[in-house]
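**Student:** Residue numbers (this note's numbering): 18 to 212. Even for Gly, the Cβ is constructed at its ideal location relative to N, Cα and C. Questions regarding the structure given below will be posed in turn.
Next comes the structure, spelled out in structure tokens:
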């Protein structure tokens, strides 16, 4: 590019077009121009280029980024915690930190579901156990009330005398002092004995 036209007393002075600089000036004249260095993402322009000097680039300091070319300063990463969010992805020299609303992670949700199912299973198992126990106890109580107590429940049928356990002792029953009882009394086991 012509900076000054020639005159009768002076030669033409050449310079560089905008975006170029003269790395090897010959006085005020420039014979060869070079394009400025482009400061890429992840760096910033520390010293802007001049007519005779190139741009000086510097890598963004830790905790900052530049996402486009030729930024004069690097931007600080977003601090997710200060925004009331959590950091999903850490910032780099070329990108900002990615923040998301606070919530439960996938692992936490899975853990809560497993814990809830475990508690539900334990509750259901306990409820079923108590229901069966109560049902069995209610059935025995009704039979006992209907036919007398099982400790004295005895029956003789066609020459077969029954023995029963009364408080852990085997007792043979005499046919003369036996009350009428339910044959299927469930409290104590009955052992038939031939006489």
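Cα-Cα, which of 75, 78, 74, 53 is closest to residue 68?
**Tutor:** Translated into positions along the chain shown, residue 68 becomes position 51. Among 75, 78, 74, 53, the Cα nearest to that of residue 68 belongs to 53.
**Student:** For residue 97, does the count of other Cβ atoms within 10 angstroms reach 16, so buried, or fall short, so exposed?
**Tutor:** Within the chain shown, numbered from 1, the residue matching residue 97 stands at position 80. Buried: at least 16 other Cβ atoms inside 10 Å.
**Student:** Tell me which residues share the same chain as residue 105 and place their Cβ nearer than 6 Å to its Cβ, disregarding the 5 neighbours each side in the sequence.
**Tutor:** The residue you call residue 105 lines up with position 88 of the chain shown. Result list for residue 105: 115, 117, in chain order.
**Student:** Confirm, please, whether the CB-CB distance from residue 87 to residue 50 is below 9 Å.
**Tutor:** Locating residue 50 in the chain shown gives position 33, counting from the first residue. Locating residue 87 in the chain shown gives position 70, counting from the first residue. Contact: no.
**Student:** By the three-class DSSP mapping on this structure, what secondary structure does residue 75 have?
**Tutor:** Within the chain shown, numbered from 1, the residue matching residue 75 stands at position 58. Looking at residue 75 - three-state DSSP - the assignment turns out to be strand.
**Student:** Mind pulling the beta strand (DSSP E) runs of 3 or more residues that sit fully within the segment 68-128?
**Tutor:** 73-76, 102-106, 115-118
**Student:** Nearest CA to the CA of residue 90: which residue from 76, 130, 103?
**Tutor:** Sequence index remark: in the chain shown, residue 90 carries index 73 (1-based). Measuring from the Cα of residue 90, the nearest candidate turns out to be 76.
**Student:** Among residues of its own chain, excluding the 5 on either side of residue 36, which ones have a beta-carbon nearer than 8 Å to its beta-carbon?
**Tutor:** Locating residue 36 in the chain shown gives position 19, counting from the first residue. For residue 36, where only same-chain residues beyond five positions count, the Cβ hits under 8 Å are 52, 53.
**Student:** Within its chain, find whatever has a CB closer than 6 Å to the CB of residue 16; leave out the 5 residues flanking it on each side and keep chain order.
**Tutor:** As displayed, the chain neither begins before 18 nor continues past 212, which places residue 16 out of reach and without an answer.
**Student:** Could you check the C-alpha separation between residue 83 and residue 107 for me, to the nearest Å?
**Tutor:** What you label residue 83 is simply residue 66 of the chain shown in a count that begins at 1. What you label residue 107 is simply residue 90 of the chain shown in a count that begins at 1. C-alpha separation (whole angstroms): 14 Å.
**Student:** Let's test the definition: count the other Cβ atoms within 10 Å of the Cβ of residue 23 and tell me whether it reaches 16, buried, or not, exposed.
**Tutor:** What you label residue 23 is simply residue 6 of the chain shown in a count that begins at 1. Label assigned to residue 23: exposed.
**Student:** Would you tell me roughly how many angstroms separate the C-alpha atoms of residue 153 and residue 125, rounded to the nearest one?
**Tutor:** Numbered from its first residue, the chain shown carries residue 153 at position 136. Numbered from its first residue, the chain shown carries residue 125 at position 108. Cα to Cα, residue 153 sits roughly 42 Å from residue 125.
**Student:** Whole angstroms is fine: what's the gap from residue 128's alpha carbon to residue 150's?
**Tutor:** Here residue 128 is taken as the residue at index 111 of the chain shown, counted from 1. Here residue 150 is taken as the residue at index 133 of the chain shown, counted from 1. C-alpha separation (whole angstroms): 33 Å.
**Student:** Comparing C-alpha positions only, which one of 94, 120, 123, 102 sits nearest to residue 111?
**Tutor:** Position 94 of the chain shown, counted from the first residue, corresponds to residue 111. It is 94 whose Cα lies nearest to the Cα of residue 111.
**Student:** Between the C-alpha atoms of residue 33 and residue 62, what's the straight-line distance to the nearest angstrom?
**Tutor:** In the chain shown, the residue the question calls residue 33 occupies position 16. In the chain shown, the residue the question calls residue 62 occupies position 45. Taking the straight line from one Cα to the other gives about 20 Å.
**Student:** Could you give the first and the last residue of the continuous beta strand (DSSP E) run that contains residue 62?
**Tutor:** To locate residue 62, count along the chain shown from 1; it is residue 45. 60-64 is the extent of the beta strand (DSSP E) around residue 62.
**Student:** For residue 60, count neighbouring Cβ atoms within 10 angstroms of its own Cβ and tell me buried if that reaches 16, exposed if not.
**Tutor:** Here the question's residue 60 lines up with position 43 in the chain shown. Flag for residue 60 reads buried.
**Student:** So if DSSP puts residue 19 in a beta bridge, which residue, or which two residues, is it bridged to?
**Tutor:** In the chain shown, counting from the first residue as 1, residue 19 sits at position 2. Answer by DSSP bridge pairing, in chain order: 31.
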